[in-house]
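These protein sequence lines are chains A and B, in that order. Position 86 (the first sequence) corresponds to 124 in the working numbering; numbering is contiguous. Position 117 (the second sequence) corresponds to 155 in the working numbering; numbering is contiguous. All C-beta atoms in this analysis are idealised placements derived from N, C-alpha and C, irrespective of residue type, glycine included. Computed from a predicted model, the values in this text were never measured in an experiment.
2 protein chains.
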Amino acid sequence: MRETKLSELEKLCLEKGLKMTDQRKVIAQVLSESADHPDVEQVYQRAHNQDHRISLATVYRTLKLFEETGILTKHDFGAGRARYETSDDDHHDHLIDITSGQVIEFTNDEIEKLQRAIAEKLGFNLVGHKLELYAIPGKRGKKKE
Amino acid sequence: MRETKLSELEKLCLEKGLKMTDQRKVIAQVLSESADHPDVEQVYQRAHNQDHRISLATVYRTLKLFEETGILTKHDFGAGRARYETSDDDHHDHLIDITSGQVIEFTNDEIEKLQRAIAEKLGFNLVGHKLELYAIPGKRGKKKE
DNA sequence: CTAACTGCAAAGCGTTTGCGATGAG
DNA sequence: CTCATCGCAAACGCTTTGCAGTTAG
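Put into structure tokens, the structure is as follows:
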């Protein structure tokens, strides 16, 4: 799966005439290995840890590039900085635990359907959406921190 | 309705020991008269138009203050700047026409209910949410620009 | 070889803040 | 009077960019 993602990435780069530099390889790998939704600074630190030649500017440029090619998805969870995740095939929304910043992914077909219906009723074609639930752990069965 | 909102605002200011300056009055009025979801720059221009003594810094400070008192709601529709609207009693979500930036408000009880259910199923208590639909006008019956 | 890429440092952009002056209560 | 508030300009945090050197293809 990891290798799949990487070669897919390289394929895309070739298609676009992009060069597969060491920096891009490392950044791509960092992201494919990150289950959380890291912000730019976190990506930079993880990448820089593996290869000191990677600068913050390159991380910014690479993340933007990957986002444009559709490899990554950029999120704004409201803390001032952008956070990234690999664009999975299956769409999902996010629940943000405001006590820890942890992000939990979920899917719900019913909501998806409702959204399309609402847009159409208003005379629009839905091209994207953002659904974020901000919540605090319930009394029992809360996830361990 | 407009007067109601203003006097309500003044009441809140008194309660909090805030001073009802001319600047605040003008900014409050500008917002109560704005049906769109103006960004800070727009609020500043509309307010400054009515009273040249209003500075951008005061607009920022006042908007933040009003948001904290619950009079205003701040949104980030993803264009880099914050946008504001008066906190109406009835909750609503937003559909953003990405071709014009126009924002349309809507409500949907079913989605609200689903959101609470999803959070609970994940072991959380919902404390807030954000639902934004990004769309383009449909072929027919599009709103006039 | 050469266009794409990189690191660095400077600039950009929206927003916040320190300061001395002003004014509401 | 006194403390909240104001305007101004400097500072801030995140992100972008100009430039000269480097490198993949």
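- In the structure shown, residue 121 of chain B adopts extended strand secondary structure according to DSSP, grouped into three states.
- Residues of the same chain with a CB within less than 6 Å of the CB of residue 142 of chain B, apart from the 5 flanking positions on each side, are 133 in chain order.
- If you look at residue 169 of chain A, you'll find it in the beta strand (DSSP E) that goes 162-175.
- Excluding residues up to 5 positions away in sequence, 85, 88, 89, 92 lie with their Cβ nearer than 8 Å to the Cβ of residue 64 of chain B in the same chain.
- For chain B, the residues of the stretch 147-176 of chain A that bring a beta carbon within less than 8 Å of one of its beta carbons are 148, 149, 152, 153, 156, 157, 158, 160, 161, 162, 163, 164, 165, 166, 167, 168, 169, 170, 171, 172, 173, 174, 175, 176, in chain order.
- Residue 148 of chain A and residue 174 of chain B have their C-alpha atoms roughly 22 Å apart.
- Below 8 Å, too few C-beta pairs join the stretch 95-112 of chain A and the stretch 148-157 of chain A to call them touching: fewer than three.
- Comparing alpha-carbon positions, the option among B:119, B:108, B:110 lying closest to residue 80 of chain B turns out to be B:119.
- Bounds of the beta strand (DSSP E) holding residue 135 of chain A are 131-135.
- Residue 114 of chain A is classed as exposed because its beta carbon has fewer than 16 other beta carbons within 10 Å across all chains shown.
- Listed in chain order, the non-local C-beta contacts of residue 105 of chain A below 8 Å within the same chain comprise 111, 112, 122, local neighbours out to five positions each way being set aside.
- Listed along chain B, the residues sitting closer than 9 Å to residue 135 of chain A by beta-carbon distance are 162.
- In this structure, the alpha-carbon of residue 136 of chain B lies about 38 Å from that of residue 49 of chain B.
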